[in-house]
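Asker: Sequence lines, in order, name chains W and B.
Per our numbering, residue 3 is the first one in the first sequence, and the count goes up by one each step.
Per our numbering, residue 1190 is the first one in the second sequence, and the count goes up by one each step.
Each residue gets a CB set at the ideal place from its N, CA and C atoms; glycine is no exception.
Remember, predicted model here, so these are calculated numbers, not experimental data.
Please read through the structure below; I'll follow up with questions.
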Amino acid sequence: MFKAVTNNIVFFINGFTLTLELAILGIIGGIILGALLGLGRISKNKFVYYFVSVYINILRSIPLILVIFWFYFFMPIISGRSFTPFFSATISFIIFESAYFAEIFRSGYQSISKDLVSAALSTGMKHTQIARYILIPIAFKRMLPSLVTQAIITFQDTSLAFVIGLREFVRSASIVDNIEVRSIQIYGFVAIVFFIFCFSGSKIATYFETANKKTGLS
Amino acid sequence: MTFAYHYNWSVLWSQPYITWWMHGIRLTLEIGFFAWIIALSGIFIGTLRSSSSGWLHFLPTAYTEIFRNVPFLVQLFMWYFAFPMIFPDTIRIYINHIIGFNYYIAIIALGLYTASRIAEHMRAGLASIETMEYEAALSTGMTRYQMYRHVIIPHALIIIIPTLTTEFLTIFKNSSVAMTIGVAETTFTSYRIASTTFHGLEATTGAMTIYLLLSLTIVKISGIIESKVRIPGMAGR
């Protein structure tokens, strides 16, 4: 039934590997940058707060495709040399997804009550110890479901690297489809693969969520 | 190797580009609005999923999970390339001759995709309503249908208005994916100008400004709507 797929399976696997690479880089980079931006959102420094807020709100109101294009055109101009589509796509994903991760981190940081910190201080813990043993573990557990959900969204978003000709999973499929003209099989296969990964991911997110509810963390 | 870049911002307002932009903005707005009308069926799908069992629970659940867990770009390609193939040749030739086929497909695909997201928000909204409220409505002698129609759904809708606002913003952002099947909306316009004038930076910056203004407007309008429908005594966001 999936003859058009099995005949070109190596091509599909290469495309999917590229999609995974993009997703992993985007997720890791997005989380690191997002954690820092999230700190900026709760910063008492007015300048940092406004700068970060404007950055996040602008990115959240424009489509990802446009961000991908923008970096694709912008980076050669500021640096004076050309970049591979993969590099410029990775940068776009990190920048774009970081705005969404930042909001998750912000609400994670804000979910920790002052009382908890006071209680920890009263037991004689140092600030670093509080951060290490209380704040980070609790905030992390609370954020985990949303982080997993956003990671799935990032994984789905990588398909948009299609527009700058990057040969990821969907682009590979469309190249094969142009030759084989078996759209139902080919795009059906792509949809099934994405579904399996994303559905399992959403089940993991739900699992963390119910685990948090049981321990009273959410 | 370095090269000098000469900015030319006139690609944003000179002819023929301004006509392209206007056309692009119109298509973005049209696709967003029409898809939104389809997407509102998500309210019904989410309610059905939460309120029933058996097939009536399974079908909306399957719908929501499938449409939420496949990237929108893949869904769009399924509708545009794969969907016409299920028809016999005679009908397919007819379909291929529909003028603006990609435009209609973009609206339908975006509408169905967003419906699944709204259904999920609706489910969360319904889940946040306490059991007591259901019991109170039933105890007044309402039927289950009346309870949902007059008490539960209106309440859940008010709860999810902030997420619906976000979703309404997202639908215009997601309409940009329609450029991949050749719909000449705003993002497509910026790309088209980029490839004809080689002033991609100016063109994409212009498109960004358009999306920014659009979302600022929507946020403003939805703020007004939220203050109008807020139940007195209940906490806002």
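Suppose you measure from the CA of A1396 (chain B) to the CA of M1211 (chain B); what does that come to, to the nearest Å?
Answerer: Counting from 1 along the second sequence, the entry for residue 1396 (chain B) is found at position 207. Counting from 1 along the second sequence, the entry for residue 1211 (chain B) is found at position 22. Rounded to whole angstroms, A1396 (chain B) to M1211 (chain B) spans 11 Å at the Cα level.
Asker: Assuming contact is defined by CB atoms lying nearer than 8 Å, are G36 (chain W) and I106 (chain W) in contact in what I supplied?
Answerer: Counted from its first residue, the first sequence places residue 36 (chain W) at position 34. Counted from its first residue, the first sequence places residue 106 (chain W) at position 104. Yes.
Asker: Are L39 (chain W) and I60 (chain W) closer than 8 Å when you measure CB to CB?
Answerer: Position 37 of the first sequence holds residue 39 (chain W). Position 58 of the first sequence holds residue 60 (chain W). Taking 8 Å as the Cβ cut-off, L39 (chain W) and I60 (chain W) do not qualify as a contacting pair.
Asker: Hey, which unbroken runs of the alpha helix (DSSP H) at 4 residues or more fall wholly within the stretch 11 to 69 of chain W?
Answerer: Fully enclosed alpha helix (DSSP H) runs of 4 or longer: 11 to 43, 48 to 62.
Asker: Does the Cβ of Q112 (chain W) have 16 or more other Cβ atoms within 10 Å, making it buried, or fewer, making it exposed?
Answerer: Taking the first sequence and counting its residues from 1, one reaches residue 112 (chain W) at position 110. Classification for Q112 (chain W): exposed.
Asker: Compare the C-alpha of T156 (chain W) against each of W:L123, W:T208, W:I97 and name the closest.
Answerer: The residue you call residue 156 (chain W) lines up with position 154 of the first sequence. If we check each option's Cα against that of T156 (chain W), W:I97 comes out closest.
Asker: Say whether chain W places a C-beta atom closer than 8 Å to the C-beta of R1426 (chain B).
Answerer: Position 237 of the second sequence holds residue 1426 (chain B). Note that R1426 (chain B) scores 43 on pLDDT, short of 50, meaning its location in the model is unreliable; the coordinates nonetheless yield the value given after this. Not an interface residue.
Asker: So which residues of chain W does L1358 (chain B) contact, with C-beta pairs closer than 8 Å?
Answerer: Taking the second sequence and counting its residues from 1, one reaches residue 1358 (chain B) at position 169. Those are S63, listed as they occur along chain W.
Asker: Measure how close the beta-carbons of A1304 (chain B) and S1364 (chain B) come, nearest whole angstrom, since I'm counting them as under 8 Å.
Answerer: Locating residue 1304 (chain B) in the second sequence gives position 115, counting from the first residue. Locating residue 1364 (chain B) in the second sequence gives position 175, counting from the first residue. The Cβ separation is near 15 Å, so there is no contact.
Asker: Beta-carbon of Y189 (chain W) versus every beta-carbon of chain B: anything under 8 Å?
Answerer: For the purposes of this step, residue 189 (chain W) is identified with residue 187 of the first sequence, where counting begins at 1. Yes, contact with chain B.
Asker: S1416 (chain B) to T1394 (chain B), Cα distance in whole Å?
Answerer: If you number the second sequence from 1, residue 1416 (chain B) lands on position 227. If you number the second sequence from 1, residue 1394 (chain B) lands on position 205. Taking the straight line joining both Cα atoms gives about 33 Å.
Asker: How many angstroms separate the CA atom of G1231 (chain B) from the CA atom of A1326 (chain B)?
Answerer: In the second sequence, counting from the first residue as 1, residue 1231 (chain B) sits at position 42. In the second sequence, counting from the first residue as 1, residue 1326 (chain B) sits at position 137. In a straight line, the C-alpha of G1231 (chain B) is about 24 Å away from that of A1326 (chain B).
Asker: Note down, in chain order, every chain W residue with its Cβ under 7 Å from the Cβ of E1254 (chain B).
Answerer: In the second sequence, counting from the first residue as 1, residue 1254 (chain B) sits at position 65. F201, listed in chain order.
Asker: Using the Cα positions of F1222 (chain B) and I1282 (chain B), report the straight-line distance between them to the nearest angstrom.
Answerer: As a position in the second sequence, residue 1222 (chain B) is number 33, starting the count at 1. As a position in the second sequence, residue 1282 (chain B) is number 93, starting the count at 1. In a straight line, the C-alpha of F1222 (chain B) is about 29 Å away from that of I1282 (chain B).
Asker: For a cutoff of 8 Å on Cβ pairs, would you count A213 (chain W) as touching chain B?
Answerer: On the first sequence, position 211 is the one that residue 213 (chain W) refers to. It does not; no Cβ of chain B falls within 8 Å.
Asker: DSSP on H1339 (chain B), reduced to helix/strand/coil?
Answerer: Here residue 1339 (chain B) refers to the residue found at position 150 of the second sequence. Reduced to three states, the DSSP call for H1339 (chain B) is helix.
Asker: Have a look at W:S94, W:F89, W:L22, W:A104 and flag the residue whose alpha-carbon is nearest the alpha-carbon of K44 (chain W).
Answerer: What you label residue 44 (chain W) is simply residue 42 of the first sequence in a count that begins at 1. The sequence shown places Ile at residue 44 (chain W), rather than the Lys named in the question. Of the listed residues, the one whose Cα sits closest to I44 (chain W) is W:A104.
Asker: For A121 (chain W), count neighbouring Cβ atoms within 10 angstroms of its own Cβ and tell me buried if that reaches 16, exposed if not.
Answerer: As a position in the first sequence, residue 121 (chain W) is number 119, starting the count at 1. Counting Cβ neighbours within 10 Å, A121 (chain W) comes out exposed, since fewer than 16 surround it.
Asker: Examine chain W for any beta-carbon lying closer than 8 Å to the beta-carbon of G1389 (chain B), and answer yes or no.
Answerer: As a first step, residue 1389 (chain B) must be located in the second sequence, where it is residue number 200. True, the Cβ-Cβ gap to chain W drops below 8 Å.
Asker: Please tell me whether L89 (chain W) and P78 (chain W) are closer than 8 Å, where the distance is taken between their beta carbons.
Answerer: Residue mapping note: residue 89 (chain W) aligns to position 87 of the first sequence, counting from 1. Residue mapping note: residue 78 (chain W) aligns to position 76 of the first sequence, counting from 1. A quick correction: the sequence has Phe, not Leu, at residue 89 (chain W). No, they are not a contact pair.
Asker: Just to confirm the assignment: which complete alpha helix (DSSP H) runs, minimum length 4, are found wholly within the stretch 1361 to 1419 of chain B?
Answerer: 1375 to 1386, 1389 to 1418, all fully within the stretch 1361 to 1419 of chain B.
Asker: Which residues in the same chain have their Cβ closer than 8 Å to the Cβ of I1407 (chain B), if we skip the five residues on either side of it in sequence?
Answerer: Against the second sequence, residue 1407 (chain B) aligns to sequence position 218. So the list reads T1354, F1357, L1358, F1361, once near-sequence residues are dropped.
Asker: Please report the straight-line C-alpha distance between L162 (chain W) and L27 (chain W), rounded to a whole angstrom.
Answerer: One-based indexing of the first sequence puts residue 162 (chain W) at position 160. One-based indexing of the first sequence puts residue 27 (chain W) at position 25. Rounded to whole angstroms, L162 (chain W) to L27 (chain W) spans 15 Å at the Cα level.
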